[in-house]
Amino acid sequence: MSFFTNLFERSEEVKSSKVGWRVLTDLGQLNEITELSYQQPVLIFKHSTRCSISRFALKNFENEYDFSIEQLQPYFLDLLEFRNISNEIANRFDVMHQSPQILLIKEGKCVYHESHDGIEVAGLKRVLV
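Structural data, given as structure tokens:
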């Protein structure tokens, strides 16, 4: 497949998800996430588009996802395309980079993170209650 086909498929995949992802493409959005996290929890899903484990984790997570936009604001990061943002997430929220990885941001801090087979909606629910 060509680069353009892969790019198109990735963006269609995210758009068609029931999660309602906001795509993270700019470092400035991390300021938005931090500010928003004082009003409501924010989820960041870091996804490697070339990794089958990451794709599997993403699909399972999306299938289980049942939060409303008022409960949780979800952001999606293609970490291969935006590695600089992934690096800044690790620095800003003091979490070692993993892929795939989810982070839950509340009041400007990462209060929960998981990677690989630890990525599940049930874990988020335990923290959000």
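Following our numbering, the numbering of the sequence shown begins with 5 at its first residue and continues without gaps. Each residue gets a CB set at the ideal place from its N, CA and C atoms; glycine is no exception.
Same chain, Cβ closer than 7 Å to residue i, neighbours up to 5 away in sequence not counted
{"i": "R96", "result": "L34"}
{"i": "S83", "result": "The displayed chain sequence assigns Leu, not Ser, to residue 83. K50, H51, S52, S90 and S103, listed in sequence order."}
{"i": "I123", "result": "A61, F65, P104 and I106"}
Beta-carbon proximity list for residue i, same chain, < 8 Å, skipping 5 on both sides
{"i": "D121", "result": "A61"}
{"i": "R54", "result": "L84"}
{"i": "S119", "result": "Q102, S103, P104, Q105 and I106"}
Under 8 Å between C-beta atoms of residue i and residue j
{"i": "I48", "j": "Y69", "result": "no"}
{"i": "L40", "j": "Q77", "result": "yes"}
{"i": "G24", "j": "I57", "result": "no"}
Contact belief for residue i with residue j at Cβ below 8 Å, rounded distance in angstroms
{"i": "I93", "j": "P45", "result": "The pair is not a contact, with the Cβ atoms about 16 Å apart (cut-off 8 Å)."}
{"i": "L128", "j": "L81", "result": "So it is not a contact: roughly 17 Å between Cβ atoms."}
{"i": "C114", "j": "V99", "result": "5 Å"}
Identified DSSP bridge partners for residue i
{"i": "P78", "result": "L47"}
{"i": "L107", "result": "I48 and H117"}
{"i": "V27", "result": "F80"}
Own chain, CB closer than 6 Å to residue i, minus 5 neighbours either side, in chain order
{"i": "R26", "result": "Y79"}
{"i": "N10", "result": "Here N10 scores only 45 on pLDDT, less than 50, and its place in the model should not be relied on; the value that follows carries that caveat. Answer for N10: no residue qualifies."}
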